[in-house]
Every structure is written in structure tokens, then in C-alpha cells.
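Enquirer: Let me give you the structure first, and then I'll get to my questions.
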Amino acid sequence: MTTLSNRLEKNWRRIIGDEFDYAAMEQFLQKGRAKGCPPIYPKDEEIFNALNLTPFKKVKVVIIGQDPYHSEGLANGLCFSVPKGKKIPPSLSNIYEEIKRDCGIEMPRRGDLTEWAAQGVLLLNATLSVREGSPRSHEGKGWEKFTDAIIRALKKVRACRFSALGS
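In case it helps, my numbering puts the sequence shown at residues 1 to 167.
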């Protein structure tokens with residue numbers, strides 16, 4: 001079995017350092033997957049998709065969602081994104097409408113945002129897992145320390161770049 005920390009791309013793991021307790025989160029997730037408990041989404045191998053598909057040095061934009069979709073087959077580890085072939089959820093449809101209204105750009109008729117991630121759009125949820133049928137069920141369980149560390153690291157690097165430009 002691959003541990004939680006080993007599912008995260010090594011550069012992101014280095015950036016987060018010891019700011020996050022992977023073992024405690026792994027234990028929480030394993031306990032939540034006990035027999036008789038509702039499923040947890042996304043699948044184990046997709047929990048870090050936002051980071052694994054968008055390398056730190058390539059991040060251009062950060063979009064933050066609340067938590068993964070809490071219905072079977074929808075969460076894929078990218079906020080607001082659903083797997084190929086799934087109906088576009090209302091939250092993503094609203095984003096598409098705003099982009100069209102603000103920029104005049106026609107949006108795709110699919111909900112898989114993997115291409116956005118590959119182009120430097122970090123599609124990060126505040127919590128990276130959720131129990132089926134229970135939005136915010138993993139809020140306050142430790143993920144926020146992880147995502148806060150990501151935002152701090154990005155802010156630190158971006159602040160240095162912007163201050164260097166302004167000098």
C-alpha cells in the first residue's frame with residue numbers, strides 16, 4: 001500500500017516539509033474507510049491530483065474550492081472538475097458563465113479540467129477529501145494545515161517575484 005505522503009509529487013512534498021502530519025491524516029482516512037462507513041472521495045490515488053498535475057514552478061493561477069464533490073464518481077482531485085463523460089456540475093457551470101460574460105470566451109461542454117491543471121491552474125480544495133453525501137465532513141480534520149502551507153509557499157515565491165519586478 002502506498003502511503004499518503006508517497007502519493008504526493010516529491011517537489012510539493014519538499015515544499016510542504018514537516019508542516020503537515022501525513023501519518024495522522026492517513027490514520028483518519030483509514031479509520032473513515034472502515035467496514036460499514038460511507039465511502040470517502042476522491043479515490044486514494046486522486047487525492048493529490050491538483051498538485052501532481054500542476055508542478056509548483058508552473059503555477060500561474062490558484063482556484064480554491066471548499067471540498068471535493070461528495071457523490072460517487074464525481075470527485076477527481078481537482079476542485080470544480082469532474083471526470084470525462086460526467087455532467088457539468090452547477091458550480092462549474094457558473095464559473096463557465098462568468099468567464100464567458102467577463103471575457104467573451106466560449107467554454108467547453110465538458111467538466112474535466114485536467115487541461116487547466118496542465119497549463120498552470122492549481123485547482124485546489126481547502127479540504128482534499130470528503131465523506132459521501134456529507135459536504136464539509138472532513139473540514140477541521142487537518143487538511144487546512146496542508147492547504148494553508150501550499151498557499152503560504154506560493155505567496156512567498158510570488159511576493160519575491162513581484163517585489164523584484166517593482167524594484
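In this text, a Cβ means the ideal position worked out from N, Cα and C, and glycines have one as well.
It should be emphasised that the depicted structure is a prediction, and the values quoted were computed from it without experimental measurement.
1. By how many angstroms is the C-alpha of LYS31 removed from the C-alpha of GLY77?
2. Output yes or no for whether 8 Å exceeds the beta carbon distance between SER134 and ILE47.
3. Figure out for me which residue from SER137, TYR41, ILE64 has the closest Cα to the Cα of ALA117.
4. Taking 8 Å as the threshold, find out whether the segment 64–73 comes into contact with the segment 29–43 through three or more Cβ pairs.
5. For the alpha helix (DSSP H) that contains GLY140, what are its first and last residues?
6. Tell me the DSSP secondary structure of TYR41 in three-state form.
7. Would you mind giving the Cβ-Cβ distance between ASN49 and LEU8, rounded to the nearest angstrom? I have them listed as a contact below 8 Å.
8. Would you list the one or two residues that DSSP bridges to GLY77?
Expert: In this structure, then:
1. Taking the CA atoms as reference points, GLY77 sits about 20 Å from LYS31.
2. Judged by beta-carbon spacing, ILE47 lies beyond the 8 Å limit of SER134, meaning their Cβ atoms are not closer than that value.
3. Measuring from the Cα of ALA117, the nearest candidate turns out to be ILE64.
4. Segments in contact, yes.
5. That residue, GLY140, is in no alpha helix (DSSP H); it is neither H nor E in DSSP.
6. Taken through DSSP and simplified to helix, strand or coil, TYR41 comes out as strand.
7. Not quite, the Cβ-Cβ distance comes to about 10 Å (not below 8 Å), so this is no contact.
8. Its beta-bridge partners do not exist; DSSP assigns none.
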